[in-house]
Amino acid sequence: MSRTVYVNGDYLPEEEAKVSVFDRGFLFADGVYEVTSVLGGKLIDFDGHARRLARSLAELDMAMPDVDLLEVHRELVTRNGIEDGLVYLQVTRGAADRDFAYPAADTPPTVVLFTQSKPGLADSPMAKTGMKVISIPDERWGRRDIKTVQLLYPSMGKMMAKAAGADDAWMVQDGAVTEGTSNNAYIVKGNTIVTRQLSTDILHGITRAAVLRFAREAQMKVEERPFTLDEVKNADEAFITSASSFVMPVVQMDGEAIGTGAPGPVAARLREIYLEESRKAAV
Ligand code: PDD
Numbered sequence: 014m015s016r017t018v019y020v021n022g023d024y025l026p027e028e029e030a031k032v033s034v035f036d037r038g039f040l041f042a043d044g045v046y047e048v049t050s051v052l053g054g055k056l057i058d059f060d061g062h063a064r065r066l067a068r069s070l071a072e073l074d075m076a077m078p079d080v081d082l083l084e085v086h087r088e089l090v091t092r093n094g095i096e097d098g099l100v101y102l103q104v105t106r107g108a109a110d111r112d113f114a115y116p117a118a119d120t121p122p123t124v125v126l127f128t129q130s131k132p133g134l135a136d137s138p139m140a141k142t143g144m145k146v147i148s149i150p151d152e153r154w155g156r157r158d159i160k161t162v163q164l165l166y167p168s169m170g171k172m173m174a175k176a177a178g179a180d181d182a183w184m185v186q187d188g189a190v191t192e193g194t195s196n197n198a199y200i201v202k203g204n205t206i207v208t209r210q211l212s213t214d215i216l217h218g219i220t221r222a223a224v225l226r227f228a229r230e231a232q233m234k235v236e237e238r239p240f241t242l243d244e245v246k247n248a249d250e251a252f253i254t255s256a257s258s259f260v261m262p263v264v265q266m267d268g269e270a271i272g273t274g275a276p277g278p279v280a281a282r283l284r285e286i287y288l289e290e291s292r293k294a295a296v
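The opening residue of the sequence shown carries number 14 in our numbering; numbering runs sequentially from there.
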């Protein structure tokens, strides 16, 4: 069955949804996006994603589209019968003749949203087995705090991971881990959770913010600072967070077991708390 997608004010069958070949998202990756998960037909952390969208747009001198985004998210979830899955949203600077300089500020943005059905999203078998990661150099641009659609290097990283028989790659800059290809990275040593501090080096994960809040509320110790690959290999546990994976344990780095080589209790506990609390707050 064909999905219904949203393009610039219209709900269309996916085959009929089109954007211009002159769209700056297509020509320059001049656009930003958000991914919001859906559990039990409801949106997880919607406000956080909406706030980060506003920030990404502002950083690129783009206006917030005049659209009720919560309503469009809900309408797509309903029309596509999504129980568990994702809503993808993309806003680009719109279509204009190819020119590096931005077009006039009144150029209408392109606003696209679509859903991806992922039955059992919160029951991923990987939460029980854990994932394997490799390390790769972070060769992305310097404004990773802006959630742009410029995702070629993360895609290359994912392919490098696959080629190495792993599930994902953690990127390393100046000897310290920045983040995963599409997630924030954490280690646990003793009773301390360590994750890189917010800066332009990483995306300010919405799941990260919620998980760190829950960790502190549960009296867990959190250190926001860079950590090295040696620290990863000597950690008791490691995990990632993102809207699509929630909290997912990491059990191997570059072929070496982390801790016992099995998912650890801190990641399991945080996953449980995050899923429980965010389901309660879902809209
Ligand atoms: N990725 N870091 C990067 C580079 C990301 O692409 C993402 C999200 C995150 C986690 O952010 P959040 O918790 O807000 O999802 C961190 C999304 C899920 C994606 O590209 O599909």
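Just so it is clear, CB atoms sit at the ideal spot from N, CA and C, and this is done for glycine as well. These numbers come from a predicted model, not from an experiment.
Legend entry - Exposed unless 16 or more other CB atoms sit within 10 angstroms - verdict on Phe113: exposed
Legend entry - Within 6 angstroms of ligand 1: residues by beta-carbon to any heavy atom: Val48, Glu192, Ser195, Asn196, Asn197, Leu216, Gly218, Ile219, Thr220, Arg221, Thr254, Ser255, Ala256 and Ser257
Legend entry - Closest by C-alpha distance to Gly272, when choosing among Ser137, Phe252, Leu283 and Glu237: Phe252
Inset, instruction - Say whether the segment 209-218 touches the segment 47-58, bearing in mind that this needs 3 or more beta-carbon pairs closer than 8 angstroms, one atom from each stretch. - result: no
Legend entry - Status (buried if at least 16 other CB within 10 Å, exposed otherwise) for Asn197: buried
Inset, instruction - Count the other C-beta atoms from every protein chain shown that fall within 10 angstroms of the C-beta of Pro138, then say buried if there are 16 or more, exposed otherwise. - result: exposed
Legend entry - Bridge-paired residues (DSSP) for Trp183: Ser148 and Gly193
Inset, instruction - Would you tell me roughly how many angstroms separate the C-alpha atoms of Lys175 and Val162, rounded to the nearest one? - result: 22 angstroms
Inset, instruction - For Thr213, count neighbouring C-beta atoms within 10 Å of its own C-beta (all shown protein chains included) and say buried if the count is 16 or more, exposed if not. - result: exposed
Legend entry - Sequence-distant residues of the same chain with beta carbon closer than 7 angstroms to Pro121, five excluded per side: Gly107
Legend entry - Pairwise C-alpha distance: Glu88 and Leu242: 44 angstroms
Legend entry - Uninterrupted alpha helix (DSSP H) stretches inside the segment 198-255 (no shorter than 4 residues): 219-230 and 242-246
Legend entry - Spatially closest choice to Phe41 from Asp249, Asp181 and Val104, by CA coordinates: Val104
Inset, instruction - Provide the residue span of the beta strand (DSSP E) that contains Glu47, from first to last. - result: Gly44 to Leu52
Inset, instruction - Just the C-alpha distance for Arg284 and Arg226, rounded to the nearest angstrom, thanks. - result: 13 angstroms
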